[in-house]
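**Q** I have a structure I would like to understand better, so I am pasting it below and will then ask my questions one at a time.
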Amino acid sequence: MVVKTVVEAQDIFDKAWEGFKGVDWKEKASVSRFVQANYTPYDGDESFLAGPTERSLHIKKIVEETKAHYEETRFPMDTRPTSIADIPAGFIDKENEVIFGIQNDELFKLNFMPKGGIRMAETTLKENGYEPDPAVHEIFTKYVTTVNDGIFRAYTSNIRRARHAHTVTGLPDAYSRGRIIGVYARLALYGADYLMQEKVNDWNAIKEIDEETIRLREEVNLQYQALQQVVRLGDLYGVDVRKPAMNVKEAIQWVNIAFMAVCRVINGAATSLGRVPIVLDIFAERDLARGTFTESEIQEFVDDFVMKLRTVKFARTKAYDQLYSGDPTFITTSMAGMGNDGRHRVTKMDYRFLNTLDNIGNSPEPNLTVLWTDKLPYNFRRYCMHMSHKHSSIQYEGVTTM
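According to UniProt numbering, the sequence shown holds residues 1 to 402 in order.
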């Protein structure tokens, strides 16, 4: 039975990775090595791009109308804390969605997240017209150490004086500020079972028993439990993320599940998506060569995914909104740039992500960031300038000055 299970598992990986080059990224999870061995630099122009489908425009209409309605009334909000998989599956319009997974069980429903700081979380409740639960307040003031509790305990007397005198602003305690960066494409490339086994290996490799390693073993165990929660979230949507993605649609779906898992439990942080387009492009190039999907279908997957990212919304205090205008979520994804081997990293998927600005409209989120250098192909640079002039929604970072 064990032998059969191992063989079946290997067959799944062989099928998922068929046609992909390289060996080292298969032996130990490494998205960067996978990308280096498999991505296809694109020197052409935007003429291959596809426009929006009726389905994409329908989803866009629902999202925009729902958000406008809540802005005039109030956004629905949880009043009790939850975990990744305790929230039921939510949909925008299930029959017309091609990529599943939103932040809560209802579109634009705000999550209550007291682990960052109970006072801040309760303030967001009150300012949104909801009453805090006394039982939850007692738990998070008497029995649970929140992030803000830990921050204040770590502050030196000088930091506290500077904070009190307003010499230093933007400290993490008032807004649970911070940046969360995950390699969400790992779930698509390897599947949760592979990643969970790596956590088991990491845990078993820690042999020493001292204060530091005890803490490390606990953290590795928590990482394993978090992956279990991600699997359960996938199950809620009928998506088996235990195995690696077999095509670009599944790759996008797996990434969305991983990212929404984080958005269900993290508040106040800049939740960067990371360098996802170049990974997805490798799957897309293989599918196009096989005839699995058309360009229009792939663009529709991307449009739906980006629309999901635009629905992410956190419960903010009015003080936060005064400091960070426009209710940003900082869902940053990067593209282009240069590799250490001298090759540029522009792919067709970079074009597809930028094309969402035309297909489903202008938006500051996700934060589309181009790693800029004059060594990028002229066609791509020209397209970026055209889209920036048209939408003013692309961020640039100079590769040579970073």
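Quick reminder that beta carbons are idealized off the backbone N, C-alpha and C, glycines included.
1. Jot down the residue ranges of each uninterrupted alpha helix (DSSP H) in the stretch 122 to 196, minimum 4 residues, whole runs only, in chain order.
2. How about V346 and L368: are their beta carbons less than 8 Å apart?
3. So is H69 buried or exposed if we call it buried at 16+ other beta carbons inside 10 Å?
4. Taking the C-alpha atoms as reference points, what is the distance between G337 and A185?
5. Jot down the residue ranges of each uninterrupted alpha helix (DSSP H) in the stretch 40 to 127, minimum 4 residues, whole runs only, in chain order.
6. According to DSSP, which residues form a beta bridge with S272?
7. DSSP state of Y324, grouped into three classes?
8. So, is Q225 buried or exposed, given that buried needs 16 or more other C-beta atoms within 10 angstroms?
9. Tell me M387's beta-bridge partners as DSSP assigns them.
10. Which class does V370 belong to by DSSP, given the choice of helix, strand or coil?
11. Pair every Cβ in the stretch 85 to 92 with every Cβ in the stretch 276 to 296, then say whether three or more of these pairs are closer than 8 Å.
12. May I ask you to verify whether the stretch 325 to 337 touches the stretch 134 to 144, counting CB pairs closer than 8 Å and requiring at least 3?
13. With a cut-off of 8 Å on the beta carbons, I'd call G117 and T146 a contact; round off their distance for me.
14. Report the start-end ranges of each alpha helix (DSSP H) in the stretch 291 to 346 that is 4 residues or longer and not cut off at the edges.
15. If I'm right that G129 touches R215 with Cβ under 8 Å, what's the distance once you round it to whole angstroms?
16. Please report the residue range of the beta strand (DSSP E) in which G398 lies.
17. Three or more beta-carbon pairs under 8 Å between the stretch 60 to 67 and the stretch 270 to 280, yes or no?
18. Between which residues of its own chain and D43 is the CB-CB distance below 6 Å, once the five residues before and five after are set aside?
19. Give me, in chain order, the residues of the same chain whose beta-carbon lies closer than 6 Å to that of T40; leave out the 5 immediate sequence neighbours on both sides.
20. Count the other CB atoms, across all protein chains shown, that sit within 10 Å of the CB of residue 403; report buried if there are 16 or more and exposed otherwise.
21. Does the ligand ZN have even one heavy atom less than 7 Å from the beta-carbon of V279?
22. Any idea if R179 is buried or exposed, counting beta-carbon neighbours within 10 angstroms, 16 or more meaning buried?
23. What are the start and end residues of the alpha helix (DSSP H) that includes Y224?
24. DSSP state of A29, grouped into three classes?
**A** Concretely, from the data shown:
1. 134 to 138, 147 to 154, 157 to 164, 172 to 175
2. no
3. In the assembly as shown, H69 is an exposed residue. Its beta-carbon has fewer than 16 other beta-carbons within 10 Å.
4. 19 Å
5. Qualifying alpha helix (DSSP H) stretches, in chain order: 54 to 72, 118 to 127.
6. I181
7. coil
8. exposed
9. None; M387 has no bridge partner.
10. Reduced to three states, the DSSP call for V370 is strand.
11. no
12. no
13. G117 to T146, Cβ: 5 Å. Contact.
14. 295 to 310, 318 to 323
15. Contact flag wrong, Cβ pair sits at about 41 Å.
16. 394 to 398
17. no
18. P377
19. E285
20. Here the chain covers residues 1 to 402 and nothing more, so residue 403 does not appear.
21. Here there are no bound small molecules, and the ligand ZN is not part of this structure.
22. exposed
23. 211 to 236
24. Looking at A29 - three-state DSSP - the assignment turns out to be coil, as it is neither helix nor strand.
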